[in-house]
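The UniProt record's numbering numbers the first residue of the sequence shown as 1 and each following residue consecutively.
Beta carbons: idealized from backbone N, C-alpha and C, even for Gly.
Treat the numbers as computed from the prediction; the structure is a model and nothing was measured.
Reviewing the structure listed below.
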Amino acid sequence: MSIIRHLKRRRFTSIAAALRQDTTVWTPAPLSSVHPAADSLFHVTIDVSDSPDILSSHSSAGQYLQLRLPDFAKPSFLAIASPPSLAAARGEFEFLVKSVPGSTAELLCGLKKGDVVELTPAMGRGFDIDRISPPEDYHTVLIFATGSGISPIRSLIESGFSADKRSDVRLYYGARNLQRMAYQDRFKDWESTGVKIVPVLSQPDNSWTGETGYVQAAFARAKKIYSPQSTGAVLCGQGQMTEEVTSILVTDGVSSEKILKNF
1 MSIIRHLKRR
11 RFTSIAAALR
21 QDTTVWTPAP
31 LSSVHPAADS
41 LFHVTIDVSD
51 SPDILSSHSS
61 AGQYLQLRLP
71 DFAKPSFLAI
81 ASPPSLAAAR
91 GEFEFLVKSV
101 PGSTAELLCG
111 LKKGDVVELT
121 PAMGRGFDID
131 RISPPEDYHT
141 VLIFATGSGI
151 SPIRSLIESG
161 FSADKRSDVR
171 LYYGARNLQR
181 MAYQDRFKDW
191 ESTGVKIVPV
201 LSQPDNSWTG
211 ETGYVQAAFA
221 RAKKIYSPQS
231 TGAVLCGQGQ
241 MTEEVTSILV
251 TDGVSSEKIL
261 KNF
């Protein structure tokens, strides 16, 4: 009887999973552009101007969605790189996509303007900036990103979180080398809003004079947390980095409730 019950339970679980999958709402949308952002990274812009439900679903930096190609069933989760204001103003979502061999992302990066993909509405709460507000109470905000994890961080910075009203806002941004570091053309604009950019390269060439190694090590060397009670953090990227940075921050007295992630 136990085997029969087990088989029935497995069958019920499979049916329930299929039903859940069937409830996903997919909306077709054309690509506005696809072009290189860095080695193995691509800027992808999707026109969602004819999809009001998709447009209105993006309300917070750090949200993500599922994307699939009509002839390729396996979807990909992508963080939205553009701020919500871009969708409202131009009817577009922008993404920073890493081309991984054999994946939906690789196929997406090979498409061209006018090709159609399918999207879900934006998901998740994004970065809950209210937890490190008002800015006068949280003078320090430490931001950490690696690789394509800079995508939702771009959305956060360009959405605005009163960086110019805080005394210490730092972005530790890790990549293998400068050729793999996206958004370098935006660094000056980001710094003009009050965000100090700290690039960290794990395999730089001999001309590099900045921070080297991994993001968590670069931060551990610098530290400079003057008041843990007035410090918040935002993390996105490689799992080991987020775990180790979180451990460093909590050990130094930063509340885990003030360490924001988008997943």
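The alpha helix (DSSP H) runs lying completely inside the segment 49-104 and spanning 4 residues or more are 52-57 and 84-90, given in chain order. Just measuring C-alpha positions, the residue of 190, 148 and 35 sitting nearest residue 78 is 148.
Residue 239: member of the alpha helix (DSSP H) spanning 239-251, first to last residue. Of the residues assessed, residue 24 falls on the exposed side of the cut-off, its CB having fewer than 16 other CB atoms within 10 angstroms. With the rule of 3 Cβ pairs closer than 8 Å, the segment 29-36 counts as touching the segment 102-118. Residue 145: not part of any alpha helix (DSSP H); member of the beta strand (DSSP E) spanning 140-146, first to last residue. Counting only residues of its own chain and dropping the five nearest sequence neighbours on each side, residue 165 has a CB closer than 8 Å to the CB of 135, 136 and 194. Counted as a single uninterrupted DSSP element, the beta strand (DSSP E) harbouring residue 30 occupies residues 27-38.
Residue pairing by DSSP places residue 212 opposite 201 in a beta bridge. Sorting 150, 50, 225 and 61 by C-alpha distance to the C-alpha of residue 27 places 50 at the top. DSSP places residue 118 in the uninterrupted beta strand (DSSP E) bounded by 116-119. If the five residues before and after residue 161 are omitted, its C-beta is found closer than 6 Å to the C-beta atoms of 129, all from its own chain and listed in chain order.
For the options 236, 229, 39 and 186, the alpha carbon positioned closest to that of residue 251 is the one of 229. The three-state secondary structure of residue 111, taken from DSSP, is coil. Where residue 168 is concerned, there is no enclosing alpha helix (DSSP H), although the beta strand (DSSP E) around it starts and stops at 168-175. Straight-line measurement puts the Cα of residue 210 at about 38 Å from the Cα of residue 91.
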